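Have a look at the structure below, then the notes.
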Amino acid sequence: MTESASRSEESPTLLAPVAAWVTGLGGWRRYGLAGALGVLAASAMPPLYLVPLLVPAFTGLVWLADAGRNRRAAFAAGWWFGLGHFVAGLYWIANALLVFPGRLGWLAPFAVLGISAVMALYPAAAALVWRMVRHSGNGVSAVGGVLVFGAAWTALEWVRSWLLTGFPWNLTGSVWAFADGMIQLASVTGVYGLSLLTVIAAAMPAVLALRPMDPSSQVKRWRPVRVAFLVLVAVWSGGVFRLAGANPETVPGVSLRLVQANIDQRLKWVAELREEHLNKFLEMSVRPGKSGSKPTHVIWPETAAPFYIANDKARLALIGKSVPPEGLILTGAPRTTPAREEEFRVWNSLHAVDDLGRVAGTYDKSHLVPFGEYVPFRRVFDFGKLTAGGTDFSSGPGVTTLDLPGLPPVSPLICYEVIFPGHVVDRRNRPAWLLNITNDGWYGRSSGPYQHLAAARLRAVEEGLPLVRAANTGISAVIDPYGRTVARLGLGQEGNLDSKLPKQIEKSTVYGRLGNWMVLILVLVVGGAGLLVPHGVPWVNMNRP
2 MTESASRSEE
12 SPTLLAPVAA
22 WVTGLGGWRR
32 YGLAGALGVL
42 AASAMPPLYL
52 VPLLVPAFTG
62 LVWLADAGRN
72 RRAAFAAGWW
82 FGLGHFVAGL
92 YWIANALLVF
102 PGRLGWLAPF
112 AVLGISAVMA
122 LYPAAAALVW
132 RMVRHSGNGV
142 SAVGGVLVFG
152 AAWTALEWVR
162 SWLLTGFPWN
172 LTGSVWAFAD
182 GMIQLASVTG
192 VYGLSLLTVI
202 AAAMPAVLAL
212 RPMDPSSQVK
222 RWRPVRVAFL
232 VLVAVWSGGV
242 FRLAGANPET
252 VPGVSLRLVQ
262 ANIDQRLKWV
272 AELREEHLNK
282 FLEMSVRPGK
292 SGSKPTHVIW
302 PETAAPFYIA
312 NDKARLALIG
322 KSVPPEGLIL
332 TGAPRTTPAR
342 EEEFRVWNSL
352 HAVDDLGRVA
362 GTYDKSHLVP
372 FGEYVPFRRV
382 FDFGKLTAGG
392 TDFSSGPGVT
402 TLDLPGLPPV
412 SPLICYEVIF
422 PGHVVDRRNR
432 PAWLLNITND
442 GWYGRSSGPY
452 QHLAAARLRA
462 VEEGLPLVRA
472 ANTGISAVID
482 PYGRTVARLG
492 LGQEGNLDSK
502 LPKQIEKSTV
512 YGRLGNWMVL
522 ILVLVVGGAG
532 LLVPHGVPWV
542 NMNRP
């Protein structure tokens, strides 16, 4: 070996000092840093969108996972990362419990920490996979390890979408919801493809801490980093190109009005105020529009009608008086068994009421919120649910396509049913649009409603269907099949949102046809490629001789 080559081998690399500091931490400092990196990653989520912070977050995570003494240490680093990430991203859950502090307010810190602790198991498992691959003795390179880590992270996000009823909130790909061009990839791969590319690009700079083995390695180390970021640029460019010719028409003869009454959640179910709340929705439904146009269909949010209106002929007739001629009012309302001799059951439902005061169609929410709409394991958790009433809600039959008078076939989604990729349409009876009614008033002025809206926009892109979102306190919006916001009423505002209904795209998207089979394809292709990347220069480890 020449003298110059020897000096090159011993010389520090670009990020070696940073990597040395990170990998040299022990005890609470190590896990404190992991938690802080998780918080950085959460800041890339809506509404902040500080996407560049993902780079130090994921680069630091793979260093910590690699430098631990054993697999348990790698798992722990990933768990602390996940804990910081989910506490920062899900803090708004406490707001819901503090709406009625005397009822369940004491649970607020335990709920946020408990849910985050469980969710943190997924990043922990991804960190463990990284550690196992890197130290398997099979010669997997650092670059290949990053590819496998991205594939593992993506696979675990998919598992998170269904295990224990599922909670795919804040999937990593949602950090791009601010960029219409970037999210077009979801039409092919779903949000999971965005997650995969984002994690790989954010973690790839970790390879810059490799020991150089020859003078040209300074240049070579940058190649995978450049490639990863060029792929992101290519995705954005492709999305911009797709949008350049995308000008969807609107459905003729359909004019929507979304009513956002902005009723305080603390007052919503007060018995003496419920009639007043219903009258407010009725009055807002018939107000003259700013443009002079009259709606053909009016949409109210989740549980806007605080009565069992399906069994209440008087209130149905009252609502019918505010329905546009030959149109409908679509409203959220609780539904119960009609006859006393039946077992008493309650559903969180959507009803379509016509101008004669008749129910023209009903959808019952199928994906219920644990502890919010029902209490699982009641023998263990002996306390009431968060929502009003002492009876747990029953689950509906599942995703449904409703055929309603004067409207294209629609897939109704109540509250967080819209966050589940691949589970928002009946593929045997495909709808022409998505309708998401929700009540985000539980979460106040927090990041929760913005994150919820971002998920809804991604479902529109994935399925190539327009999406209409009516929320009690905001954010209400009409979204075209490319995920672009056509009209919007902000958080905490009172008012009506009048808009035409965009048409769906002519052909179903790739993801719309394949659904979550795309996750399996992505994970196998990218993970397999990572295992086959030729062994490169060794990973820097400042703690080992």
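Residues in the sequence shown are numbered from 2 upward in steps of one, following my numbering. Ideal Cβ placement from N, Cα and C applies to all residues, glycine included. Note that the structure is predicted; figures quoted are calculated from it, not measured.
Is residue i close to the ligand NAP? I mean its beta-carbon at under 6 Å from any heavy atom of the ligand.
i: W107; result: Questions concerning the ligand NAP fall outside what the structure shown contains, since it holds no ligand whatsoever.
Quick one: what's got a C-beta closer than 6 Å to residue i's C-beta in the same chain, skipping five residues either side?
i: Y50; result: F179
i: A35; result: L65, A78, W81 and F82
i: E158; result: L172 and S196
i: G625; result: Since the first residue of the chain shown is 2 and the last is 546, residue 625 is not available in this structure.
i: L436; result: V411, P413 and V469
i: V534; result: S142, V144 and G145
i: R428; result: none
i: H136; result: none
Taking the beta carbon of residue i as the centre, do at least 16 other beta carbons fall within 10 Å, making it buried, or is it exposed?
i: F372; result: buried
i: G560; result: A query on residue 560 cannot be resolved here, the shown segment of the chain reaching from 2 to 546 and no further.
i: W170; result: buried
i: E327; result: exposed
i: R288; result: exposed
i: V234; result: exposed
i: A272; result: exposed
i: D355; result: buried
i: G174; result: buried
i: S286; result: buried
i: P422; result: buried
Express the C-alpha separation of residue j and residue i in angstroms, rounding to a whole number.
i: E374; j: P53; result: 37 Å
i: E507; j: I480; result: 16 Å
i: K295; j: A353; result: 18 Å
i: H453; j: A478; result: 12 Å
i: T388; j: A127; result: 35 Å
i: G221; j: H86; result: Position check: residue 221 holds Lys in this sequence, whereas Gly was assumed. Cα to Cα, K221 sits roughly 32 Å from H86.
i: R446; j: L492; result: 7 Å
i: K366; j: G531; result: 41 Å
i: P410; j: Q185; result: 24 Å
i: M183; j: V232; result: 11 Å
i: W154; j: V299; result: 42 Å
i: V526; j: A187; result: 17 Å
i: A457; j: G358; result: 31 Å
i: I476; j: G33; result: 35 Å
i: F168; j: G293; result: 42 Å
i: V425; j: A455; result: 15 Å
i: T251; j: L502; result: 5 Å
i: L164; j: M46; result: 22 Å
i: G496; j: I522; result: 45 Å
i: L318; j: F101; result: Note that residue 318 is Ala in the sequence shown here, rather than Leu. Approximately 33 Å, taken between the alpha carbons.
Answer yes or no: do residue i and residue j have a C-beta to C-beta separation smaller than 7 Å?
i: L38; j: A17; result: no
i: R460; j: V419; result: yes
i: V208; j: A143; result: yes
i: A305; j: K281; result: no
i: V113; j: A95; result: yes
i: G191; j: Y512; result: yes
i: T337; j: V347; result: yes
i: S350; j: A334; result: yes
i: A203; j: G528; result: no
i: L98; j: A109; result: yes
i: P302; j: I415; result: no
i: K504; j: P253; result: no
i: L274; j: L268; result: yes
i: F76; j: A156; result: no
i: A132; j: R72; result: Ala is not the amino acid found at residue 132; the sequence shown has Arg there. Yes, the pair counts as a contact, with Cβ atoms nearer than the cut-off.
i: A433; j: L259; result: no
i: I405; j: G362; result: According to the sequence shown, residue 405 is Leu rather than Ile. The answer is yes: Cβ separation under 7 Å.
i: G465; j: T402; result: no
i: L55; j: A74; result: no
i: A210; j: A20; result: yes
For residue i, which residues of its own chain have a beta-carbon under 7 Å away from its beta-carbon, when the five flanking residues on both sides are left out?
i: L369; result: Y375, F394 and S396
i: M205; result: V147, P225, V226 and A229
i: A488; result: A478, V479, L498 and S500
i: A247; result: Y483
i: Y444; result: W93, N96, A97 and P450
To which residues of the same chain is residue i closer than 8 Å at the C-beta, ignoring the five residues directly before and after it?
i: I264; result: H278, K281, G442, N473 and T474
i: L122; result: W80 and G83
i: R316; result: L279, A306, F308 and I310
i: V520; result: T155, A156, W159, G191 and Y193
Next on the checklist: Could you tell me which whole alpha helix (DSSP H) segments of length 4 or greater appear in the segment 297-334?
Outcome noted: DSSP runs (the alpha helix (DSSP H)) wholly in the segment 297-334: 314-321.
Checklist entry - What residue ranges within the segment 406-462 form continuous beta strand (DSSP E) runs of no fewer than 3 residues, ordered along the chain? => result Those beta strand (DSSP E) runs which fall completely within the segment 406-462 and span 3+ residues are 411-415 and 434-439.
Item to check | Complete alpha helix (DSSP H) runs within the segment 461-537 (minimum length 4 residues, chain order) | outcome: Considered as a whole, the segment 461-537 harbours 511-515 and 518-533 as its complete alpha helix (DSSP H) runs of no fewer than 4 residues, in chain order.
Next on the checklist: Quick check for students: name the residue ranges of the beta strand (DSSP E) that lie wholly in the segment 11-48, counting only runs of 3 or more.
Outcome noted: If we require 3 residues or more, the segment 11-48 turns out to have no beta strand (DSSP E) run fully inside it.
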